[in-house]
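Numbering (this note's numbering), first residue to last: 311 to 834.
Where is the CB? At the ideal position from N, CA and C, for every residue including glycine.
Remember, it's a predicted structure, so these values are computed and weren't measured experimentally.
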Amino acid sequence: MTSIYSTGTVTVTNGSAAVVGTGTAWAVSLVTGGTLNIEAPGNPMPIAAVADDTHLTGAVKWTGASGTYSYAIVREDSDAANVVDLYDKLTRVLITLSLAGIHPNNSGSLAKRNALTLTADDDNYLFLRAELGVAFAFYRWDGPTLAWVGPFTVANAVASGGVSSLVGGTGIAVDATNPAVPVVSAVRPGTAKTTPVDADEVSLFDSAASFGLKNLTWANLKATVRSYLLGTASTWSAVQTFTGGVFGGSGASSGLSLVSTSGVGTADFIDFLVGNNGSIRAGRFDTSGNFLQGSTTAYTYAQEAGVGGTLPALQLHSGGTVGLGMTRWAANAVGGRAIFAKSRGGGVGTRGIVSNADSLGAFIFNGDDGTNFQAACFFGGYVDGTPGAGVMPGRIVFGTTPAGSSVPVERLRIDSAGMHTISGSLSRAAPVTKTADFTVAATENHLINNKSGSTCTVTLPAASSFSGREISIKNMQAQTVVSASSNVVPRASTSAGTAILASGAGNWATLVSDGTNWIIMAGS
């Protein structure tokens, strides 16, 4: 009686005695020897050793062509037929056991094991711990010592492998510590698809079908989102998007709201993007409600003296040309308007009458000092008197910032009566009486000499700094008045000297700067 074993296939290599099996299960089938016959031209190979289920070594080398073939192992001759028959029966038992499923539950706990009543006659009794959340393990009852020995871990033919037949794949890992309850882990794919197409699918768990796994196409997803945004039940109230615009509102009294966040965040903003795929930022409403064009940062600017810095709610920034244009296209005499207004009301829409000297608005010109913007000059409108119902007296003020300062100073005022107040070279300040030698200040235009006992020496401003400036001097003493420098040209001469006024009360002269000297234009 001859026993043949031919489960699976074998792979052999010309000139090698090593044989690799696929699906052969030699060890579990108790194949320990015999003759390997391969279904290909070559030589029979007596089996020298069986390493495991899929590896054996021949007593001779394979002389045929390398490849994978069907095979048959003649396990023993008729002298050992009875032994082989016993092996076959045992093999069927072992294979059946290897296919049996073991499901963890509380019946396999250590508490259940310890409740068993065993004696010395039960030596080598095996107990399998199959408990939820715990790795499978065997324990052996040792009769002579009346004690449990173990645990012994459960493994398959693969070194340190679990019994579970689940195999991981791309993005999937299998933890077979507890073979009956393997843990399958999915990792996030490393490659993202930036432009999905309608046929692409995503997975979801269907709550209406016991959370079964379903597929949702990109086309379905787009249609669902669009239906939600257009639906009357949407909190967005029928927002409609079309190429070139966003339209909102479902009736004559409704409108469209653009909301950057809904109750979260303190640094939210709304950007307006144009160009190819929004490559150009046309403007931004920042978290404080300021509108910024050309920048994402709102800057603080200086104002006229006594007002302090400000952060304008509308800011235009550009690295090139920047400006604000207002044009009215109409067949009439009215052009564009820039209107400034001021109220002392406590909030928008609350009326509050302004007070005398209140600023009603101003144009302020700033320059960057390397760290901050500083005011260089301004002109603005102010209340000039007591306002009332239908009455609003006003004045216009012009100011510039002196050298070495950052605070603008008033230079010109036109008041509610039409009167002009001018400082500097054209100012008309009140006359100033001097009782000693003096230097003419930048704010002085009319001077009276009342120095007694000796000549009065006057230090005039540099003519080059005040071209066109006018200074009047009157003498009230029997002393001469002279310049500290030779920079005064008399009425009847073209040469500069120092004489300004002869001695005697009542003498006077008007001097005007030509940018080089002070010219006496009139006098006694």
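Under DSSP, I663 takes part in no beta bridge, so it has no partner. According to DSSP, residue pairing for G704 in a beta bridge involves V693. Approximately 19 angstroms separates the beta-carbon atoms of G695 and A672; this is outside 8 angstroms, ruling out the contact. Residue ranges of uninterrupted beta strand (DSSP E) with 3 or more members, entirely inside the stretch 317-379 and ordered along the chain, are 319-322, 328-332, 345-348, 355-362, 365-368, 377-379. Between A773 and T826, the CB-CB gap stays under 8 angstroms. For N817, the secondary structure class from DSSP, reduced to helix, strand or coil, is coil.
In the displayed model, G460 falls within a strand according to three-state DSSP.
The beta carbons of T790 and T765 sit closer together than 8 angstroms. Annotation: R638 is outside any alpha helix (DSSP H) and is labelled neither H nor E by DSSP. For L670, the enclosing beta strand (DSSP E) has its first and last residue at 669-678. In this structure the stretch 639-650 does not lie against the stretch 576-588, because fewer than three pairs of beta carbons, one per stretch, are closer than 8 angstroms.
Bounds of any beta strand (DSSP E) do not take in L428, whose DSSP letter is neither H nor E.
Under the DSSP assignment, K524 falls in the beta strand (DSSP E) whose first and last residues are 522-527.
Annotated three-state conformation of A773 is helix, per DSSP. For H730, the enclosing beta strand (DSSP E) stretches over residues 730-732. When the alpha-carbon of D725 is set against those of S628, V693, T607, V512, the nearest one is in V693. Two segments are said to touch when three or more pairs of C-beta atoms, one from each, lie closer than 8 angstroms; by this definition the stretch 621-632 does not touch the stretch 652-663.
Comparing alpha carbon positions, the residue from G698, V632, T731 closest to R661 is G698. By the neighbour-count criterion, in which a residue is buried when 16 or more other Cβ atoms sit within 10 angstroms of its Cβ, V459 is exposed.
In the DSSP annotation of this structure, the continuous segment of the beta strand (DSSP E) that includes T743 starts and ends at 742-744.
Counting other Cβ atoms within 10 Å of its Cβ, T753 stays below 16 and is therefore classed as exposed. As DSSP reads the structure, Y381 sits in a beta bridge with I348. Comparing alpha carbon positions, the residue from Y381, G677, T364, V360 closest to P351 is Y381. G709 sits in a strand when the DSSP states are folded into three classes.
In terms of CA proximity to G704, N666 leads the group A640, N666, A685, F688.
By alpha-carbon distance to G629, the top candidate from A608, V644, Q603 is Q603. Inclusion of V822 and A809 in the CB contact set at 8 angstroms is not warranted, their separation being larger than that value. DSSP places R423 within a helical segment (H, G or I) once states are collapsed to three. Contact between A335 and T317 holds, with the beta-carbon distance rounding to 6 angstroms and staying under 8 angstroms. Short of 8 angstroms from the beta carbon of A430, and not among the five residues preceding or following it, lie these beta carbons of its own chain, in chain order: G453, P454, L456. Under the DSSP assignment, H627 falls outside any beta strand (DSSP E); it carries neither an H nor an E label. For V791, the beta-bridge partners assigned by DSSP are C766, L811.
Beta bridge pairing from DSSP links T620 with Y611.
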